[in-house]
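Undergrad: Numbering of the sequence shown is given in this note's numbering, commencing with residue 71 and proceeding in unit increments.
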Amino acid sequence: MHTGGEPVRIVTGGFPPVSGTTILDKRQYVREHYDHLRRLLMLEPRGHDDMYGVIPVDPDDPDSDVAVLFCHNEGYSTMCGHATIAVARWAVDEGLVERVEPETRLRIQCPCGPVSARVRVEGGRAGVVHFESVGAFAAHLDHPLDVEGIGRIPVDVAYGGAYYAFVPASVFGLDVRRSPTRALVDAAWSVTCAGKAQLELTHPGHDDLAFLYGTILTDGTDGAERPSANVCVFAHRQVDRSPTGSGVTARMALQRARAGVQAGEIRRFASVTGSVFTGRITSDTQVGDYPAVTVEVGGMAHYTGSCTFVQEPGDVLGEGFSLR
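Here is the structure:
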């Protein structure tokens with residue numbers, strides 16, 4: 071599947087049993103015991119450096135209909151909005167939840183916490199998906215960061231299921247709609263590297279959630295009058311083709327922290343492919359000491375096909391490789 075151009079490879083069978091009491095335990099178990107399968111599924115020759123995957127597991131949350139782990143070129147993320155949109159549609163179409171028209175509701179357990187989703191259903195087929203985030207919050211506003219090649223710049227950092235740094239692309243003399251992708255990636259990666267070295271991040275829920283996942287370069291607008299363009303570079307220089315669902319969540323939390331958006335107001339965010347997600351604050355909440363919000367993100371995923379992967383004995387390259 072793909073959501074806004076960003077691939078979503080959902081494992082539908084053949085994955086070994088995953089042990090663990092909690093979903094974060096299962097994430098760690100897969101990292102320690104089955105990382106060779108992540109490499110096989112994500113990297114060349116079956117995938118590429120910008121592939122994204124979903125590994126369904128048994129939920130430990132009794133109220134969740136499905137549970138998933140997210141994986142990419144570097145490892146395993148805690149939240150992924152574009153993949154959640156795809157999983158919600160897939161779960162309805164596969165009959166993992168009872169299909170109800172015109173709208174089917176389900177609960178998806180993600181490593182960052184349970185996410186509620188509603189899926190539009192017409193003629194027995196699932197369509198547009200909206201999901202409601204875990205608590206999102208601004209961690210730093212205008213935090214000074216020393217970035218190689220440019221010097222000290224102000225950076226916003228927010229959590230939307232994962233932590234992102236936010237910087238207007240204009241700080242680097244770039245335009246997210248027109249500048250070469252390589253230049254955008256280099257700029258965002260320099261911020262991520264600086265952030266990982268200089269930022270002290272914590273999360274009230276679990277230490278496993280306290281890491282900088284990537285950097286989102288924006289066009290500096292708020293998405294009120296027209297879609298605000300952004301590009302997310304996450305994991306190891308991986309470029310999101312979608313507007314980044316967890317990034318939309320975090321951007322809405324930032325706007326709320328700056329009193330730039332009210333509950334119920336809709337904002338639109340566009341990606342490098344021109345695909346658009348909507349964001350809407352549904353409620354104010356609290357995450358530890360952080361004033362937080364819950365955000366509803368909307369988008370559409372499409373099917374691209376199905377396939378069976380094999381690895382022949384002796385095929386060393388078949389274990390997965392990257393040229394990046």
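Every residue gets a Cβ at the ideal spot worked out from N, C-alpha and C, and that includes glycine. Fair warning: this is a prediction, and the values are worked out from it, not measured in the lab.
Within the segment 93-163, note down every full beta strand (DSSP E) run reaching 3 residues or more, in order along the chain.
TA: Listed in chain order, they are 123-127 and 136-141.
Undergrad: Give, in chain order, every unbroken run of the beta strand (DSSP E) that is at least 3 residues long and sits entirely within the segment 255-287.
TA: As far as the segment 255-287 is concerned, it has no whole beta strand (DSSP E) run of at least 3 residues.
Undergrad: Suppose you measure from the CA of GLU202 to the CA of VAL241; what does that come to, to the nearest Å?
TA: So the two alpha carbons sit approximately 32 Å from each other.
Undergrad: Can you list, in chain order, the residues of its chain whose CB lies under 6 Å from that of ARG350, leaving out five sequence neighbours each side?
TA: Hits under 6 Å: ILE336 and GLU366.
Undergrad: Using the rule of at least 16 other Cβ atoms within 10 Å of the residue's Cβ for burial, across every protein chain shown, is LEU94 buried or exposed?
TA: With 16 or more other Cβ atoms within 10 Å, it is buried.
Undergrad: Looking at the strands, I want to know which residues DSSP matches up with HIS210.
TA: Paired residues: VAL227.
Undergrad: For TYR233, list the residues DSSP reports as bridge partners.
TA: Note: TYR233 sits in a beta bridge opposite TYR229 and LEU282.
Undergrad: Determine, using beta-carbon pairs with one atom in the segment 292-311 and one in the segment 139-150, whether at least three such pairs fall under 8 Å.
TA: Because the criterion of three Cβ pairs below 8 Å is met, the segment 292-311 and the segment 139-150 touch.
Undergrad: Which word fits LEU393, buried or exposed, when buried means at least 16 other C-beta atoms lie within 10 angstroms of its C-beta?
TA: So LEU393 ends up on the exposed side.
Undergrad: Closest to ALA323 by C-alpha separation, out of CYS263, HIS210 and ALA340, would be which residue?
TA: Residue HIS210 is the option with its Cα nearest to ALA323.
Undergrad: Do you know offhand how far GLY83's Cα is from ARG222's?
TA: Spanning the two alpha carbons is a distance of roughly 48 Å.
Undergrad: Have a look at ARG321 and ALA329 and give me their C-alpha separation to the nearest angstrom.
TA: Roughly 12 Å separates the two Cα atoms.
Undergrad: Could you pull the start and end residues of the alpha helix (DSSP H) that SER316 belongs to?
TA: Looking at the DSSP string, the run of the alpha helix (DSSP H) that includes SER316 is 315-327.
Undergrad: Tell me, which residues are paired with ALA239 by DSSP?
TA: The partner list for ALA239 (beta bridge, DSSP) is empty, contrary to what the question assumes.
Undergrad: Going by alpha carbons, who is nearest to ARG116 out of LYS96, ARG188, PRO77 and CYS263?
TA: Out of LYS96, ARG188, PRO77 and CYS263, PRO77 has the C-alpha closest to the C-alpha of ARG116.
Undergrad: Going by the DSSP bridge assignment, what does LEU244 pair with across the sheet?
TA: DSSP lists no partner for LEU244.
Undergrad: Is the separation between the beta-carbon of PHE236 and that of VAL357 shorter than 8 Å?
TA: No, the pair does not count as a contact, with Cβ atoms beyond the cut-off.
Undergrad: Classify LEU215 as helix, strand or coil using the three-state DSSP reduction.
TA: Residue state, collapsed to three classes: strand.
Undergrad: Classify THR378: buried if its beta carbon has 16 or more other beta carbons within 10 angstroms, exposed otherwise.
TA: So THR378 counts as exposed.
Undergrad: Using CA coordinates, which residue listed in GLY123, THR355 and SER312 is at the minimum distance from VAL301?
TA: Residue SER312 is the option with its Cα nearest to VAL301.
Undergrad: Are there 16 or more other CB atoms within 10 angstroms of the CB of TYR122, so buried, or fewer, so exposed?
TA: Buried.
Undergrad: Near GLY317, which residues of its chain fall below 6 Å by C-beta distance, leaving aside the five closest residues on each side in sequence?
TA: The answer, listed in chain order, is TYR234, ILE286 and CYS302.
Undergrad: Could you say which of GLY165, ILE125, ARG101 and ASP120 lies nearest to VAL81 if we only look at CA atoms?
TA: When each option's Cα is compared against that of VAL81, the closest is ILE125.
Undergrad: What's the C-alpha gap between ASP135 and ARG101?
TA: ASP135 and ARG101: Cα-Cα distance of roughly 23 Å.
Undergrad: Determine the contact status of VAL88 and VAL138, defining contact as a CB-CB distance below 8 Å.
TA: Not in contact: VAL88 and VAL138 (Cβ atoms no closer than 8 Å).
Undergrad: Cβ of HIS72 within 8 Å of Cβ of THR314?
TA: For HIS72 and THR314, no; Cβs fall outside 8 Å.
Undergrad: Short of 6 Å in beta carbon distance, which residues of its chain neighbour THR251, apart from the five on each side in sequence? Order them along the chain.
TA: There are no such residues.
Undergrad: Please go through the same chain and pick out, in chain order, the residues whose beta-carbon is closer than 6 Å to the beta-carbon of CYS180, but skip the five residues on each side of it.
TA: These residues qualify, in order along the chain: MET149.
Undergrad: Taking VAL185 and THR154 to be in contact with their CB atoms under 8 Å, please state how far apart those CB atoms are, rounded to whole angstroms.
TA: Going by Cβ atoms, the distance from VAL185 to THR154 rounds to 6 Å, so yes, they are a contact pair.
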